[in-house]
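A short write-up of the structure that comes next.
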Amino acid sequence: MPISCAVGNFYLEILWPLEPAPVGEFASRQYLEVLDVELLEGRYFDATDVEDGLQTVIISKSMADFYWPDESALGKRLKRGTYTDPTHAWWTVVGVVADVRSVPTAEPPHRFYRSVDQQDLARNFSDMRLSVRTTSEP
Numbered sequence: 632m633p634i635s636c637a638v639g640n641f642y643l644e645i646l647w648p649l650e651p652a653p654v655g656e657f658a659s660r661q662y663l664e665v666l667d668v669e670l671l672e673g674r675y676f677d678a679t680d681v682e683d684g685l686q687t688v689i690i691s692k693s694m695a696d697f698y699w700p701d702e703s704a705l706g707k708r709l710k711r712g713t714y715t716d717p718t719h720a721w722w723t724v725v726g727v728v729a730d731v732r733s734v735p736t737a738e739p740p741h742r743f744y745r746s747v748d749q750q751d752l753a754r755n756f757s758d759m760r761l762s763v764r765t766t767s768e769p
């Protein structure tokens, strides 16, 4: 079932704090595919993205192009909280997806997605959204 939720600010391993601040969401494995967000590089979330595994993140093309111009963002690392804060893990970029516009007339924000399978749901979520894709008018 595709779900998503807002996420706080974070830092790049080599450039922090980030300006402009990106928009973050927690998302289920199928979320980006159900919304038909095109995968441009790497992979979508899968069964290997678990809470005690490598912490992963998928970012938008505009974010990848802005922070890593002229190179692949795959394998780059991001961190929420302060650079030296041991309570937050580094996130590794495993995918780059097409930009998603929240407002049709505005430039798409730099966006990142984290897997809900890597989160303690009771601790981290106060706002959840359900997205449904149909083949006919809902």
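For the sequence shown, the numbering used here assigns the number 632 to the initial residue and increments by one for each residue that follows. No residue lacks a Cβ here, since even glycine has one placed at the ideal position from N, Cα and C.
| Query | Result |
| --- | --- |
| Residues bridged to Phe743 (per DSSP) | Gly655 and Ile690 |
| Member of Thr687, Val725 and Ala720 whose CA lies at the smallest distance from the CA of Ser703 | Val725 |
| Leu671 (DSSP reduced to helix, strand or coil) | strand |
| Test item: CB-CB of Phe743 and Gly655 under 9 Å | yes |
| Unbroken alpha helix (DSSP H) run spanning Val665, endpoints | Tyr662 to Val665 |
| Those residues which DSSP pairs with Trp721 across a bridge | Lys710 |
| 9 Å Cβ cutoff met for Glu664 and Tyr675 | yes |
| Straight-line Cα distance separating Val731 from Pro739 | 6 Å |
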